[in-house]
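J.: One structure follows; several queries about it will come next.
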Amino acid sequence: MGAHLSALGIGLVSAAILGFVGPLVVWLLRREDDPYAEYHAKEALNFQLTVLLVIVLSAILAIPAIIIGVLTLGIGLILLAIVALVAAVLWFVLPIVATVKAGNSESYRYPFTIRFVQ
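When you read off a place in the sequence shown, starting at 1, and then add 1, the result is the number in my numbering.
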């Protein structure tokens, strides 16, 4: 549970940029002692690293996206805002779901996640 909640807490403070730090610490400390904690820490870490990758790619693509948004008379910007809102809600809700699952001793795999750590 700590891996999922620490990702959310640190992510809220750092605009999701450092959300991977909490799960990384939990994974490094617990990976050899507790397979259950290792599993959930890896899931949270992979999800937060995927989020970080998406943030970096979004920053790189921001200028072309804004240009396209202006050229489409704002329709592109509205669609971009909707996609950003959905992504933000998923980033907030999925760790809460994972925390509840971990609290109930259930496994949980984040959807749309690249498995960086195996």
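All residues carry an ideal CB built from backbone N, CA and C; glycine is no exception.
Are the beta-carbon atoms of Leu86 and Tyr111 separated by less than 8 Å?
T.: no
J.: Can you list, in chain order, the residues of its chain whose CB lies under 7 Å from that of Val27, leaving out five sequence neighbours each side?
T.: Gly3, Ala4, Ser7, Ala38, Ala42
J.: Under a three-way DSSP split, which group does Thr100 fall into?
T.: helix
J.: Is the beta carbon of Ala17 closer than 8 Å to that of Ile64?
T.: no
J.: For Ile11 and Phe21, I'd like the C-alpha separation in whole angstroms.
T.: 8 Å
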